[in-house]
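Undergrad:
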Amino acid sequence: MPARAWLPKENPIRGVNLGGLFIVEPWMMGDEWRSMGCGDYASEFDCVRGLGQTAANAAFQKHWATWINQTDIAQIKSVGLNTIRVPLGYWIKEDLVYRDSEFWPQGGFAFLESLCRHATEAGLYIILDLHAAPGAQKAWEAFTGQMAPTPGFYQDYQYERALQFMEWLTNLAHTNPNFANVGAIQLINEPLQNRDTVQSMLNGYYPNAWKRIRALEDSLGVIPSNRLHIMMMNGLWGSGDPNEGLKGIDLSFALYDDHHYLKWSTDPPANRNAYMSHSCTNDRGGNFPTIVGEWSLATADEDGSEFDIKKADAVSWYRRWWAAQVLSYEKQRGWIFWTWKVNWINGHLEWRWGYQQAYLAGVIPKNPQEAHTYGVCSGV
Ligand SMILES: *[C@@H]1O[C@H](CO)[C@@H](O)[C@H](O)[C@H]1NC(C)=O
């Protein structure tokens, strides 16, 4: 059963990121990280090097089996979501790893395959995202899997490893039935906004990836209407116009990814009214079609301010702001929350970052369509 280049028709994309599964980010899952024996380390790479390969493999395999599994897929489905975005590190394709100098957990692919089988059986749309690139696309960020002192991704031999990764994903989507609901693959998550790196990415890596993915599809006999969507950060990300180097390429299966976190923004100012009016009025488009592939309920100013989640009216206010963001992003092709699941952050259960936790706290309703019935943006 080949993958189909489809998008859910009846609804917008409504999904969650499976953050922390194949790339652990310790900040959002402290208990889990400590239980893996990794508490002294800042990233996956550091923990694997520290524990040694055999012990690390055992710790990560337990993590992959339990952090997000079949039970979660059923819950994701039951709360009205139709999409998962799966952040991946290049090392899950184990033959890309330089064994003498790179330290990564082994055995992840079997868990990815079974996860995608369950998601396919549940009818979820699957986006596979190269979230952590060879050499690291950003310095000192756990989301790249390593604390790299410099961003080493932006050179030909690293691009070549990423291109092989894209061909591998393409082949899986079209030939392995467990991956039949993979409809999109993302070329790179959150690249640098620096001008030099942007040039080689937009005019080198992106067009090469398009050509290699389409050539592989042609060689597999994939008909044009079954092609995968190819997802790139949209222009709002600040790393240039993703279409710049794609002239002459048929872009009918392009998808664009916008990440919008007010947590990291100074505009609007950090107060409830400003957040509501921002979310009700701002435009996340630019490239079409765009999905807001990462966003959350985290705010710039947290404890002690009017955003404090311990305030008596926190649940009702955050529900309204969640709804305002949903309305905004559904003016585009839809949204994918960051993330499905978190555990302790700063000593409390931080439901602003976890869809499952926000649902259990009563912040997010069982059917996201309800966002359209609250009237949160009328009069704004
Ligand atoms: C998924 O992991 C949880 C622990 O987080 C566990 O309780 C549950 O049984 C697992 N589900 C499956 C289907 O393995």
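Last residue of the sequence shown? That's 377 in my numbering, and every number before it is there in order. The beta-carbon is built from N, C-alpha and C at its ideal position, and this holds for glycine as well. Keep in mind that this is a model prediction, so the values were computed, not measured.
#1: If contacts are defined as beta-carbon pairs under 8 Å, then ASP255 and VAL289 qualify, I think. What distance do you get, rounded to the angstrom?
#2: Could you check if MET(-2) is buried or exposed, using at least 16 other CB atoms within 10 Å of its CB as the buried criterion?
#3: With a cut-off of 5 Å, give the chain-ordered residues whose Cβ is closer than this to any heavy atom of ligand 2.
#4: Where ASN364 and SER325 are concerned, what is the direct C-alpha to C-alpha distance, given to the nearest angstrom?
#5: Are there 16 or more other CB atoms within 10 angstroms of the CB of GLY235, so buried, or fewer, so exposed?
#6: On the DSSP letters alone, give me the boundaries of the beta strand (DSSP E) that LEU294 sits inside.
#7: CA-CA distance, ILE246 and TYR122?
#8: Using C-beta distances below 7 Å, list every residue in its chain close to PRO102, excluding the 5 sequence neighbours before and after it, in chain order.
#9: Just checking my contact of ASN186 with HIS128 at CB under 8 Å: how many whole Å lie between their CB atoms?
#10: Here's the rule I'm using: 16 or more other beta-carbon atoms within 10 Å means buried, otherwise exposed. How should SER293 be labelled?
#11: Under DSSP, the beta strand (DSSP E) around ALA39 begins and ends at which residues?
#12: Once DSSP output is grouped into helix, strand and coil, what is the label at GLY104?
#13: Write down the C-beta distance between ASN284 and PRO239 rounded to the nearest angstrom, noting that I regard them as a contact closer than 8 Å.
#14: What are the uninterrupted segments assigned as alpha helix (DSSP H) that are 4 or more residues long and contained completely in the segment 125 to 210, given in chain order?
#15: State the Cα-Cα distance for the pair VAL76 and ALA358, rounded to the nearest angstrom.
#16: Taking the alpha carbon of TRP350 as the reference point, which residue from GLY344, ASN343, VAL339 and VAL360 has its own alpha carbon closest?
#17: Let me check understanding here. Comparing Cα to Cα, which of GLN329, VAL360 and ILE342 lies closest to ALA309?
#18: In three-state terms, what does DSSP make of PRO(-1)?
#19: Determine the direct distance from the alpha carbon of GLU99 to that of VAL105, and round the result to whole angstroms.
#20: Where do the ends of the beta strand (DSSP E) carrying VAL83 lie?
#21: Would HIS369 be called buried (16 or more neighbouring beta carbons within 10 Å of its own) or exposed?
#22: So is ALA0 buried or exposed if we call it buried at 16+ other beta carbons inside 10 Å?
#23: Does the beta-carbon distance from LEU112 to LEU166 come in below 8 Å?
#24: Note down, one range per segment and in chain order, each beta strand (DSSP E) of at least 3 residues found wholly within the segment 258 to 342.
#25: Is the beta carbon of ALA311 less than 8 Å from the beta carbon of CYS374?
#26: With distances taken Cα to Cα, identify the nearest neighbour of ASN14 among LEU169, PHE140 and ASP193.
#27: Taking all protein chains shown into account, do 16 or more other C-beta atoms lie within 10 angstroms of the C-beta of ALA116, making it buried, or fewer, making it exposed?
#28: Starting from GLN12, trace the beta strand (DSSP E) both ways and give me its first and last residue.
#29: Are the CB atoms of SER197 and TYR253 nearer to each other than 8 Å?
#30: Looking at the structure shown, is ALA119 part of a helix, part of a strand, or coil, going by DSSP?
#31: DSSP puts HIS369 in a beta bridge; with which residues?
#32: With a Cβ-Cβ cutoff of 8 Å, do LEU199 and GLY242 count as a contact?
#33: For the candidate residues LYS74, HIS275 and LEU248, whose alpha-carbon lies nearest to that of THR206?
#34: Comparing C-alpha positions only, which one of LEU233, SER276, GLN134 and GLY36 sits nearest to PRO188?
#35: Comparing alpha-carbon positions, which option in ARG281, ALA119 and THR147 lies nearest GLN67?
TA: To lay it out plainly:
#1: Walking along the sequence shown from the start, residue 255 turns up at place 258. Walking along the sequence shown from the start, residue 289 turns up at place 292. So it is a contact: roughly 5 Å between Cβ atoms.
#2: Residue -2 sits at position 1 when you count from the first residue of the sequence shown. Caution applies to MET(-2), whose pLDDT of 41 falls short of 50 and renders its modelled position unreliable; the value that the coordinates give is listed next. Per the 10 Å Cβ criterion, exposed.
#3: Among the ligands present in this structure, namely ligand 1, ligand 2 is not found.
#4: Locating residue 364 in the sequence shown gives position 367, where the first residue counts as 1. Locating residue 325 in the sequence shown gives position 328, where the first residue counts as 1. Between ASN364 and SER325, the C-alpha separation is close to 17 Å.
#5: Residue mapping note: residue 235 aligns to position 238 of the sequence shown, counting from 1. So GLY235 ends up on the exposed side.
#6: Residue 294 sits at position 297 when you count from the first residue of the sequence shown. Careful: LEU294 lies outside any beta strand (DSSP E) and carries neither H nor E.
#7: Counting from one through the sequence shown, the residue named residue 246 turns up at place 249. Counting from one through the sequence shown, the residue named residue 122 turns up at place 125. ILE246 and TYR122: Cα-Cα distance of roughly 25 Å.
#8: Counted from its first residue, the sequence shown places residue 102 at position 105. Taken in chain order, the residues that qualify are GLU41, VAL45, ALA53, ASN54 and PHE57.
#9: Sequence index remark: in the sequence shown, residue 186 carries index 189 (1-based). Sequence index remark: in the sequence shown, residue 128 carries index 131 (1-based). The Cβ separation is near 4 Å, so the contact holds.
#10: Translated into the one-based positions of the sequence shown, residue 293 becomes position 296. Burial call: buried.
#11: Taking the sequence shown and counting its residues from 1, one reaches residue 39 at position 42. Here ALA39 belongs to no beta strand (DSSP E), and DSSP marks it neither H nor E.
#12: Residue numbering aside, residue 104 sits at position 107 when the sequence shown is read from its first letter. Correct three-state label for GLY104: coil.
#13: Taking the first residue of the sequence shown as position 1, residue 284 is located at position 287. Taking the first residue of the sequence shown as position 1, residue 239 is located at position 242. Between PRO239 and ASN284 the Cβ distance is about 6 Å, and since that is below 8 Å, they are a contact.
#14: 153 to 172 and 192 to 197
#15: Here residue 76 is taken as the residue at index 79 of the sequence shown, counted from 1. Here residue 358 is taken as the residue at index 361 of the sequence shown, counted from 1. Between VAL76 and ALA358, the C-alpha separation is close to 14 Å.
#16: Numbered from 1 along the sequence shown, position 353 holds the residue referred to as residue 350. Measuring from the Cα of TRP350, the nearest candidate turns out to be VAL339.
#17: If you number the sequence shown from 1, residue 309 lands on position 312. Of the candidates GLN329, VAL360 and ILE342, the one whose C-alpha sits nearest the C-alpha of ALA309 is VAL360.
#18: By 1-based counting over the sequence shown, the position of residue -1 is 2. Note that PRO(-1) has pLDDT 42, beneath the 50 cutoff, so the model's placement of it is unreliable and the number below is only indicative. Coil at PRO(-1), not helix or strand.
#19: The count along the sequence shown starts at 1 and reaches residue 105 at position 108. The count along the sequence shown starts at 1 and reaches residue 99 at position 102. Note on identity: in this sequence residue 105 is Gly, with Val being the wrong assignment. Going by the C-alpha atoms only, they are around 16 Å apart.
#20: If you number the sequence shown from 1, residue 83 lands on position 86. From DSSP, the beta strand (DSSP E) with VAL83 extends over 80 to 86.
#21: Counting from 1 along the sequence shown, the entry for residue 369 is found at position 372. Label assigned to HIS369: exposed.
#22: For this step, residue 0 is matched to residue 3 along the sequence shown. With a pLDDT of 48 at ALA0, under the threshold of 50, the predicted position of this residue should be treated as unreliable, and no value is reported.
#23: Numbered from 1 along the sequence shown, position 115 holds the residue referred to as residue 112. Numbered from 1 along the sequence shown, position 169 holds the residue referred to as residue 166. For LEU112 and LEU166, no; Cβs fall outside 8 Å.
#24: 287 to 291 and 331 to 334
#25: Counting from one through the sequence shown, the residue named residue 311 turns up at place 314. Counting from one through the sequence shown, the residue named residue 374 turns up at place 377. Not in contact: ALA311 and CYS374 (Cβ atoms no closer than 8 Å).
#26: Locating residue 14 in the sequence shown gives position 17, counting from the first residue. Measuring from the Cα of ASN14, the nearest candidate turns out to be PHE140.
#27: Start at 1 with the first residue of the sequence shown, and residue 116 comes out as number 119. Buried.
#28: As a working note, residue 12 is residue 15 in the sequence shown. Strictly speaking, residue 12 in this sequence is Gly, with Gln absent from that position. GLY12 -> beta strand (DSSP E) spans 10 to 14.
#29: Along the sequence shown, read from residue 1 onward, the residue named residue 197 stands at position 200. Along the sequence shown, read from residue 1 onward, the residue named residue 253 stands at position 256. Against a cut-off of 8 Å, the Cβ pair of TYR253 and SER197 comes out as no contact.
#30: Taking the first residue of the sequence shown as position 1, residue 119 is located at position 122. Of the three classes helix, strand and coil, the one that applies to ALA119 here is coil, per DSSP.
#31: Working through the sequence shown from its first residue, we reach residue 369 at position 372. DSSP output for HIS369 lists no bridge partner at all.
#32: Within the sequence shown, residue 199 is the residue found at index 202, counting from 1. Within the sequence shown, residue 242 is the residue found at index 245, counting from 1. Yes, they are a contact pair.
#33: Residue numbering aside, residue 206 sits at position 209 when the sequence shown is read from its first letter. Correcting the residue type first, residue 206 is Ala in the shown sequence and not Thr. Residue LEU248 is the option with its Cα nearest to ALA206.
#34: The residue labelled residue 188 in the question sits at position 191 within the sequence shown. Checked all of LEU233, SER276, GLN134 and GLY36; the closest Cα to PRO188 is GLN134.
#35: For this step, residue 67 is matched to residue 70 along the sequence shown. Of the candidates ARG281, ALA119 and THR147, the one whose C-alpha sits nearest the C-alpha of GLN67 is ALA119.
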